[in-house]
Amino acid sequence: MVFGRSRHGRYGGPRERSPGLIALFGLMMFFLLAGGIIAYYFIPNPDLLFARRNGQPISTEPVRIAFNEGELLVPRNLIARTKRRTPLGGVRQVDLQLPWPYVPRMPTKRPEEATSLDDHILMTFEPDDGSAAALQRFEKIYPHYFEGEPTQTQYKLTRYSFAAQSPYADLELFVGRLNTRPAFIRCDLKASSLGPILCERTIKITAKTTVRYRFSRSHLPQWKLIDATVTRLVRDMFHFSDQQ
46 MVFGRSRHGR YGGPRERSPG LIALFGLMMF FLLAGGIIAY YFIPNPDLLF ARRNGQPIST
106 EPVRIAFNEG ELLVPRNLIA RTKRRTPLGG VRQVDLQLPW PYVPRMPTKR PEEATSLDDH
166 ILMTFEPDDG SAAALQRFEK IYPHYFEGEP TQTQYKLTRY SFAAQSPYAD LELFVGRLNT
226 RPAFIRCDLK ASSLGPILCE RTIKITAKTT VRYRFSRSHL PQWKLIDATV TRLVRDMFHF
286 SDQQ
């Protein structure tokens with residue numbers, strides 16, 4: 046009486062699987078997994094699918110990057126790096142690198158090809174970390190560490206020095222005014238790992254997003270023009286999502 050084919054082979058041993066079938070199954074699983082990763086990773090930012098290639102002209106066309114409660118519309122030639130929360134998560138940081146003086150849509154070198162950052166502005170879009178705002182630091186924290194009297198510069202900034210034993214001994218603080226608002230610029234006293242001695246300022250864009258920009262201290266006399274350029278770029282690049 047035949048009740049159906051045994052799961053064992055003709056002689057009762059376990060039936061062997063075809064190596065070709067196993068390889069085919071493994072290849073199918075690989076492509077399914079790879080496709081899922083690509084979809085999850087790039088669909089929120091489809092323009093990032095088209096990475097730059099060395100030796101090819103770099104486009105100034107805008108790239109859309111989903112970011113926090115909105116999106117960034119950034120010229121491709123300015124993007125130096127993007128960071129994600131996890132390998133498959135959303136973008137949490139966008140680093141831009143633009144030549145100074147900046148002329149929109151002018152062909153530039155790729156960020157990775159720049160041999161010096163002395164004549165560049167570095168912009169970083171990132172989530173607000175909840176730390177004290179610059180004005181709060183100036184009013185409640187920094188005064189405990191200032192040393193000597195502030196001095197006036199010829200480019201309409203007030204310079205504050207920190208005590209040698211303070212947590213800010215390697216910095217100087219410059220305070221100016223933009224219309225009716227104070228502007229706080231922190232400058233290193235030593236060259237950074239990026240090359241030049243850098244100054245930086247952070248601007249709060251929204252409740253969740255800030256932009257931090259850095260530039261060579263040699264350009265500090267041009268701080269107002271640099272700030273106006275960055276402010277204009279932020280206004281042009283950052284857009285709230287339709288759900289806002």
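Note that my numbering has the sequence shown beginning at 46, numbered continuously upward.
Quick reminder that beta carbons are idealized off the backbone N, C-alpha and C, glycines included.
Count the other C-beta atoms from every protein chain shown that fall within 10 angstroms of the C-beta of residue i, then say buried if there are 16 or more, exposed otherwise.
i	result
L270	exposed
A179	buried
L117	buried
R197	The identity of residue 197 in the sequence shown is Gln, whereas the question assumes Arg. Exposed.
L167	buried
T225	exposed
R129	exposed
G115	buried
F285	exposed
If you draw a straight line from the C-alpha of residue i to the C-alpha of residue j, how long is it?
i	j	result
Q210	Y187	13 Å
M124	Q181	Looking at the sequence provided, one finds Ile at residue 124 rather than Met. Computed Cα separation, rounded: 32 Å.
H264	T247	17 Å
G134	R121	21 Å
I250	V275	12 Å
A111	F170	12 Å
K253	G193	36 Å
Y147	R109	21 Å
R257	E106	23 Å
P157	D233	Before going on, a small fix: residue 157 reads as Glu here, not Pro. Going from the Cα of E157 to the Cα of D233 covers about 23 Å.
L223	R231	16 Å
F207	A159	33 Å
P227	R204	13 Å
T127	T255	15 Å
S104	V279	20 Å
R137	N113	8 Å
A214	D173	25 Å
M151	R259	21 Å
V139	P266	27 Å
By Cβ distance, which residues of its chain are closer than 7 Å to residue i, with the 5 residues on each side in sequence left out?
i	result
P144	T153, D164 and H165
P195	T203, R204 and Y205
By DSSP's criteria, residue i is part of a beta bridge. Which residues make up the other side?
i	result
E192	Paired residues: none, contrary to the question.
R121	Paired residues: none, contrary to the question.
T127	V139
D233	L216
Y258	M168 and R246
H284	E116
Beta-carbon of residue i versus every beta-carbon of chain C: anything under 8 Å?
i	result
R262	Protein chain content of the structure displayed is limited to a single chain, and chain C is not contained in it.
Cα-Cα, which of the options is closest to residue i?
i	options	result
Y200	W268, E157 and S237	W268
F219	P241, L234, L202 and H189	L202
M282	L141, I103, G240 and P227	L141
L3	S238, R277, F191 and D272	Within the shown structure, residues of the chain are numbered from 46 to 289, placing residue 3 beyond reach of any answer.
S238	S161, K185, D272 and P195	S161
G221	H189, S176, D272 and G240	D272
P149	F229, V119 and G240	V119
Considering only residues of the same chain and omitting the five flanking positions on each side of residue i, which have a CB-CB separation below 6 Å?
i	result
I242	D233, A236 and R262
Sorted by chain position, which residues of the same chain lie with C-beta nearer than 8 Å to residue i's C-beta, five sequence neighbours on each side aside?
i	result
F183	L218, V220, P227 and F229
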